[in-house]
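J.: First the structure, which I've put down as structure tokens, then a few questions once you've had a look.
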Amino acid sequence: MDHQHSYDLVIIGTGMGGSTLAYALRNSGARILLVERGDYLPQEPENWSPRDVFKLKRYKPKEMWQDSNGRPFLPGVHYFVGGNTKVYGAALPRFRRQDFEAVEHEGGTSPSWPIRYSDLEPYYAAAEEIYFVHGQVDSDPSSPTRSSLFPYPPVPHEPYIEDLCGRLREQGLHPFLLPMGIDLHAGGRCIRCKTCDGFPCQVLAKSDADVCAVRPALEDPNIQLWTNTYARRLITDTSGKRVIAVEVERDGESIELYSQIFVVACGAVNSAALLLRSANGDHPNGLANSSGQVGRNYLVHNNSALMAVDPRRRNPTIFQKTMAVNDYYFRGLDWPYPLGNLQMLGKLQAGMLTAAKPLVPTGILRSMTDHSVEWWVMSEDLPDPENRITLGARGTIQVNWKPNNRLTHEKLIRVASRMMRAAGYPLILVQRMGIDTNSHQCGTLRFGDDPAQAVLDPFCKAYDLDNLYAVDSSFFPSSAAMNPALTIAAQALRVADHLLDRQGHRLEEAGRTTSMPLYDVQE
Numbered sequence: 204m205d206h207q208h209s210y211d212l213v214i215i216g217t218g219m220g221g222s223t224l225a226y227a228l229r230n231s232g233a234r235i236l237l238v239e240r241g242d243y244l245p246q247e248p249e250n251w252s253p254r255d256v257f258k259l260k261r262y263k264p265k266e267m268w269q270d271s272n273g274r275p276f277l278p279g280v281h282y283f284v285g286g287n288t289k290v291y292g293a294a295l296p297r298f299r300r301q302d303f304e305a306v307e308h309e310g311g312t313s314p315s316w317p318i319r320y321s322d323l324e325p326y327y328a329a330a331e332e333i334y335f336v337h338g339q340v341d342s343d344p345s346s347p348t349r350s351s352l353f354p355y356p357p358v359p360h361e362p363y364i365e366d367l368c369g370r371l372r373e374q375g376l377h378p379f380l381l382p383m384g385i386d387l388h389a390g391g392r393c394i395r396c397k398t399c400d401g402f403p404c405q406v407l408a409k410s411d412a413d414v415c416a417v418r419p420a421l422e423d424p425n426i427q428l429w430t431n432t433y434a435r436r437l438i439t440d441t442s443g444k445r446v447i448a449v450e451v452e453r454d455g456e457s458i459e460l461y462s463q464i465f466v467v468a469c470g471a472v473n474s475a476a477l478l479l480r481s482a483n484g485d486h487p488n489g490l491a492n493s494s495g496q497v498g499r500n501y502l503v504h505n506n507s508a509l510m511a512v513d514p515r516r517r518n519p520t521i522f523q524k525t526m527a528v529n530d531y532y533f534r535g536l537d538w539p540y541p542l543g544n545l546q547m548l549g550k551l552q553a554g555m556l557t558a559a560k561p562l563v564p565t566g567i568l569r570s571m572t573d574h575s576v577e578w579w580v581m582s583e584d585l586p587d588p589e590n591r592i593t594l595g596a597r598g599t600i601q602v603n604w605k606p607n608n609r610l611t612h613e614k615l616i617r618v619a620s621r622m623m624r625a626a627g628y629p630l631i632l633v634q635r636m637g638i639d640t641n642s643h644q645c646g647t648l649r650f651g652d653d654p655a656q657a658v659l660d661p662f663c664k665a666y667d668l669d670n671l672y673a674v675d676s677s678f679f680p681s682s683a684a685m686n687p688a689l690t691i692a693a694q695a696l697r698v699a700d701h702l703l704d705r706q707g708h709r710l711e712e713a714g715r716t717t718s719m720p721l722y723d724v725q726e
């Protein structure tokens with residue numbers, strides 16, 4: 204074995220899962236390598252340019268995926284240190300307690316998780332500290348119990364949004380302050396600009412995985428980061444039970460990286476694709492795929508953007524994403540099933556609309572956005588084994604996806620439209636999201652208690668391999684109707700504790716009491 208590139212732990216991917224895991228294991232003594240296919244996203248004026256970000260797609264990869272009919276599309280992914288969190292909206296809510304249990308929907312059953320909310324609660328609290336989450340306890344009547352306060356006070360509404368909040372309360376609703384991950388505390392970097400949701404942050408004030416996790420982790424001399432490094436496949440030993448190396452491409456050179464433990468954290472689609480690309484004689488259908496579940500049950504939420512326009516009133520709000528409504532999360536009006544979550548979007552600008560509506564004059568678009576308020580309408584989609592990730596010719600990623608539970612989503616759109624008309628907005632425009640809006644992708648390597656039905660165990664270790672983990676949204680058995688980022692981070696912290704406990708047991712069995720790396724390369 205070539206030990207030139209040998210580590211205790213290799214983490215493939217620096218999104219919310221991989222980065223948080225590395226952060227949690229800093230100071231452990233383990234020699235850890237983070238592998239990222241992209242580079243650091245540059246701090247530059249274009250970060251805040253609607254034209255560059257939305258029309259020219261400056262920060263999206265020049266990579267096409269295919270739908271089930273072989274039609275190419277540009278996926279909503281970003282290959283940088285920090286992954287998609289570099290451009291996410293920084294909403295960091297916890298899942299509800301019921302989201303971890305089986306829930307009946309109009310379109311079918313959302314399955315239970317092998318863990319409960321109580322298993323993740325302390326890790327949610329820790330993740331909120333790491334990612335500077337601003338929020339208010341009891342602001343959301345649907346929220347689960349907490350063991351601690353939010354680390355930072357909520358991001359306050361601007362006057363226009365505070366007025367809208369009052370209009371919603373007059374309807375008997377319970378709008379609440381959305382938990383947000385931004386560096387807004389005293390001495391923080393946030394300037395409450397209008398280019399947060401969907402944009403990179405030029406002043407590094409967004410609580411992304413790069414700023415909050417990777418950079419602090421790299422202060423540990425035992426942790427390294429390789430950027431511009433693409434993971435081609437995982438290589439197993441002669442028994443087929445352990446991964447011994449990952450073959451990567453870096454600077455045009457093929458390199459094998461050896462480790463005692465491997466963590467796949469490339470995002471739900473790319474993690475599944477990596478395991479499928481790693482098929483070999485012992486794993487002919489892809490690595491960790493004896494269950495046949497790798498790539499299946501792809502989830503991505505039912506999402507729509509709703510724009511409510513009141514031509515009589517100008518909306519001067521700059522930082523708009525401060526409010527959400529969960530009154531319909533568990534049950535709709537005259538509807539026995541859950542509908543989902545409503546949360547404000549960052550303030551829409553004319554330049555952002557130009558990419559989607561190129562034939563509409565800019566002046567008309569600007570007039571609309573000057574008088575509008577925008578919402579993200581999010582409903583749960585349900586696992587379907589035929590919604591899956593496969594590899595096409597030359598390894599092209601193919602997303603076979605047919606949306607489901609759509610009647611529920613259409614009802615939520617109608618409820619949201621009525622809500623905003625009652626609040627004084629006569630014009631409602633809705634844009635339903637399609638296959639290319641996959642920022643909430645999850646479910647392709649789901650965890651569970653039954654190896655015949657799940658790829659991963661409850662600590663995200665592959666059932667088929669002794670030393671392979673997946674720590675990103677691929678482990679989700681269901682999508683709930685919440686932003687997934689904080690749940691990914693919480694589970695990453697839980698997995699980190701598991702790895703440390705596992706090593707502690709090995710120390711006890713060996714009769715040792717001194718500290719050592721997570722995994723002894725001599726074992």
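Each number in our numbering comes from the position in the sequence shown (counting from 1) with 203 added on.
Each residue gets a CB set at the ideal place from its N, CA and C atoms; glycine is no exception.
1) Answer with buried or exposed for Gln207, where buried requires no fewer than 16 other C-beta atoms within 10 angstroms of its C-beta.
2) Name, in chain order, the residues that DSSP records as bridge partners for Asn603.
3) Measuring straight from C-alpha to C-alpha, what distance separates Arg435 and Ala692?
4) Please state the DSSP three-state secondary structure of Arg649.
5) If you check the beta carbons only, do Val528 and Leu630 fall under 8 Å apart?
6) Please state whether DSSP places Lys664 in a helix, a strand or coil.
7) Give the secondary structure of Pro325 by DSSP, where H, G and I count as helix, E and B as strand, and everything else as coil.
8) Quick one: grab the DSSP three-state call for Trp578.
9) By how many angstroms is the C-alpha of Gln694 removed from the C-alpha of Thr312?
10) Let me know if Gly338 comes out buried or exposed under the rule of 16 or more other beta-carbons within 10 Å of its beta-carbon.
11) Looking at the unbroken alpha helix (DSSP H) that takes in His612, where does it start and where does it end?
12) In three-state DSSP terms, what is Ile235?
13) Which partner residues of Phe276 appear in the DSSP bridge assignment?
14) Does the distance from the C-beta atom of Ser351 to that of Ala330 stay below 8 Å?
15) Between Ser209 and Ile215, what straight-line distance do the alpha-carbon atoms span, to the nearest angstrom?
16) I'd like to know whether the C-beta of Phe276 is nearer than 8 Å to at least one C-beta of chain B.
17) Which residue wins for smallest C-alpha separation from Asn473, given the options Gly232, Asp653, His281 and Ala294?
18) Can you give, in chain order, each stretch of the beta strand (DSSP E) that sits fully within the region 478-514 and has at least 3 residues?
19) So what does Leu632 bridge to, in DSSP terms?
20) The alpha helix (DSSP H) with Ile364 in it runs from where to where?
21) What residues match up with Glu450 in a beta bridge as DSSP calls it?
22) Which of helix, strand or coil does DSSP assign to Met685?
23) Out of Cys399, Leu437, Ala476 and Leu237, which has the shortest C-alpha to C-alpha gap to Ser457?
24) Starting from the C-beta of Pro325, find all residues in its chain whose C-beta is less than 8 Å away, skip the five residues before and the five after it, and write them out in chain order.
25) Enumerate in chain order the residues of its own chain whose CB-to-CB distance from Ala655 is below 8 Å, with the five nearest sequence positions on each side excluded.
26) Give me the DSSP bridge partner(s) of Leu659.
27) From the DSSP output, in three-state form, read off Phe303 for me.
28) Out of Val256, Leu428 and Leu689, which has the shortest C-alpha to C-alpha gap to Cys404?
29) If Lys524 sits next to Met510, beta carbons under 8 Å apart, how far is it from one beta carbon to the other, in whole angstroms?
30) Do the region 372-388 and the region 223-235 meet, that is, are 3 or more Cβ pairs less than 8 Å apart?
31) Report buried or exposed for His377, applying the criterion of at least 16 other Cβ atoms within 10 angstroms of its Cβ.
32) Below 8 Å, can you find three or more Cβ-Cβ pairs linking the region 575-590 to the region 486-493?
33) Assess contact between the region 359-373 and the region 621-639, defined as three or more Cβ pairs (one per stretch) separated by less than 8 Å. Is contact present?
34) Could you check the C-alpha separation between Arg229 and Pro354 for me, to the nearest Å?
35) Per DSSP, which residues does Asp242 bridge with? Please list them.
36) Give the secondary structure of Tyr672 by DSSP, where H, G and I count as helix, E and B as strand, and everything else as coil.
T.: Let me spell this out:
1) With fewer than 16 other Cβ atoms from the protein chains shown falling within 10 Å of its own Cβ, Gln207 counts as exposed.
2) BP columns for Asn603 point to Arg591.
3) In this structure, the CA atom of Arg435 is about 25 Å from the CA atom of Ala692.
4) Arg649: coil per DSSP, three-state reduction.
5) In this structure, Leu630 does not lie closer than 8 Å to Val528 by Cβ.
6) DSSP places Lys664 in strand when its eight states are reduced to three.
7) DSSP places Pro325 within a helical segment (H, G or I) once states are collapsed to three.
8) Note: Trp578 maps to strand in three-state DSSP.
9) Annotation: Thr312 to Gln694 spans about 23 Å, alpha carbon to alpha carbon.
10) Here Gly338 is buried, its C-beta having at least 16 other C-beta atoms within 10 Å.
11) Where His612 is concerned, the enclosing alpha helix (DSSP H) stretches over Arg609 to Ala625.
12) In this structure, Ile235 counts as strand in the three-state DSSP scheme.
13) Assignment of beta-bridge partners to Phe276 by DSSP yields Trp268.
14) The answer is no: Cβ separation not under 8 Å.
15) C-alpha of Ser209 to C-alpha of Ile215: approximately 14 Å in a straight line.
16) Among the protein chains of the structure shown there is no chain B, as only one such chain exists.
17) The shortest Cα separation from Asn473 among Gly232, Asp653, His281 and Ala294 belongs to His281.
18) Runs of the beta strand (DSSP E) inside the region 478-514: 505-512.
19) Paired residues: Met510.
20) Run containing Ile364: Pro362 to Arg372, per the alpha helix (DSSP H) assignment.
21) In the DSSP assignment, Glu450 is bridged to Arg436 and Glu459.
22) In the structure shown, the three-state DSSP call for Met685 is coil.
23) Of the candidates Cys399, Leu437, Ala476 and Leu237, the one whose C-alpha sits nearest the C-alpha of Ser457 is Leu437.
24) Apart from sequence neighbours up to five positions away, the residues of its chain that approach Pro325 with a beta-carbon distance below 8 Å are Ser350, ordered along the chain.
25) Within its own chain, the residues whose Cβ lies closer than 8 Å to the Cβ of Ala655, once the five positions on either side in sequence are excluded, are Ser494, listed in chain order.
26) According to the DSSP secondary-structure assignment, Leu659 is paired through a beta bridge with Phe650 and Ala665.
27) Looking at Phe303 - three-state DSSP - the assignment turns out to be helix.
28) Closest by alpha carbon: Val256.
29) Not confirmed; about 14 Å, so no contact.
30) Verdict: no, contact absent.
31) His377 should be labelled exposed.
32) Touching, no, given that fewer than three Cβ pairs across the two stretches are closer than 8 Å.
33) Yes: the two stretches touch, three or more of their Cβ pairs being nearer than 8 Å.
34) Each residue's alpha carbon lies about 22 Å from the other.
35) The partner list for Asp242 (beta bridge, DSSP) reads Phe283.
36) Strand.
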